[in-house]
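Peer 1:
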Amino acid sequence: EAEAATSGEEPFVIRNLDTGEIITIPLDGSGEEQDLDPDEVRRKLTFGTISQNPEAWQALKSESRGLLEKLASKTTISFRSYQLCVWQERYVYAEDDALCYQHFSTDMEPVGVPKRIPYSTIEFVGPFDETQFVLKCANRAYTFLCETTESRTRWIKNISQLAGCSASTQVCHKTTTMGH
Numbered sequence: 001e002a003e004a005a006t007s008g009e010e011p012f013v014i015r016n017l018d019t020g021e022i023i024t025i026p027l028d029g030s031g032e033e034q035d036l037d038p039d040e041v042r043r044k045l046t047f048g049t050i051s052q053n054p055e056a057w058q059a060l061k062s063e064s065r066g067l068l069e070k071l072a073s074k075t076t077i078s079f080r081s082y083q084l085c086v087w088q089e090r091y092v093y094a095e096d097d098a099l100c101y102q103h104f105s106t107d108m109e110p111v112g113v114p115k116r117i118p119y120s121t122i123e124f125v126g127p128f129d130e131t132q133f134v135l136k137c138a139n140r141a142y143t144f145l146c147e148t149t150e151s152r153t154r155w156i157k158n159i160s161q162l163a164g165c166s167a168s169t170q171v172c173h174k175t176t177t178m179g180h
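Counted the way full-length UniProt numbering counts, the sequence shown spans residues 1 to 180.
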């Protein structure tokens, strides 16, 4: 539900009917925004905060969990024209405000403190190749490896919905230059 101001300096109000959460965006008489932090507004307006169907949100989060391999960010070794990449198995899962991943124990149970990729930092998600996808964030990119193309496409679509970011399911120059 949205209520827009018609005159004066009343704010634009967005109310989540499921949770009761209210987000107020101040406007001046001309309809222009006043001193808003775009990142703060975006963080508050992710799909999870404005979803009118909490069951669909929970189903999306439940579908967004499983074992993926993550490309190690600092252990890539280059020698002449060759590059050695280190892949690490991670338990990846969706929370309300972030995509999280954890190490596995020797008996394949998630252990340790989860690392979080806040949805508000995800700018784009897309395929690197048939089984890899890349999350482009403000300060870095994350590359994950799936078992199948179908799994890769499902992860891309789910993360895009959870984060409210742009996405592609087709391999293109943009996606092949982000992650490696």
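Glycine is no exception: its CB is placed at the ideal position from the N, C-alpha and C atoms.
None of the values given here were measured: they were computed from a predicted structure.
Hey, is the segment 151–167 in contact with the segment 117–134, meaning 3+ C-beta pairs nearer than 8 Å?
Peer 2: Contact holds: three or more Cβ-Cβ distances are below 8 Å.
Peer 1: Based on the DSSP secondary-structure assignment, which residues constitute the bridge partners of G66?
Peer 2: BP columns for G66 point to V92.
Peer 1: Please state whether DSSP places I122 in a helix, a strand or coil.
Peer 2: Looking at I122 - three-state DSSP - the assignment turns out to be strand.
Peer 1: Based on the DSSP secondary-structure assignment, which residues constitute the bridge partners of Q102?
Peer 2: DSSP, once it has assigned bridges, lists Y91 as partnering Q102.
Peer 1: My understanding is that Y101 touches K70, with C-beta atoms under 8 Å, so please give their C-beta distance in whole angstroms.
Peer 2: Right, their Cβ atoms sit about 6 Å apart.
Peer 1: If L60 sits next to Y91, beta carbons under 8 Å apart, how far is it from one beta carbon to the other, in whole angstroms?
Peer 2: So it is not a contact: roughly 18 Å between Cβ atoms.
Peer 1: Output the distance between the C-alpha atoms of F144 and I14, rounded to the nearest integer angstrom.
Peer 2: Distance between the alpha carbons of F144 and I14 is about 35 Å.
Peer 1: Considering only the alpha carbon of each residue, which of A56, I77, E130 and Q132 lies closest to D96?
Peer 2: Comparing Cα positions, the closest option is A56.
Peer 1: Is DSSP giving G31 helix, strand or coil here?
Peer 2: With a pLDDT of 49 at G31, under the threshold of 50, the modelled position of this residue cannot be trusted, and the question is left open.
Peer 1: Using the Cα positions of E63 and P110, report the straight-line distance between them to the nearest angstrom.
Peer 2: Roughly 17 Å between the two C-alpha positions.
Peer 1: Counting C-beta neighbours from all protein chains within 10 Å, is the total for P54 16 or more, i.e. buried, or is it exposed?
Peer 2: Exposed.
Peer 1: For Q132, count the other beta carbons within 10 Å of its own beta carbon; 16 or more makes it buried, fewer makes it exposed. Which is it?
Peer 2: Label assigned to Q132: buried.
Peer 1: Ignore the nearest five residues each way along the sequence and tell me which others in I77's own chain have a CB closer than 6 Å to its CB.
Peer 2: Correct list, in chain order: L84.
Peer 1: Can you find the residues in the same chain that come closer than 6 Å, C-beta to C-beta, to A94, ignoring five residues on each side of it along the sequence?
Peer 2: The answer, listed in chain order, is K61, S64 and L162.
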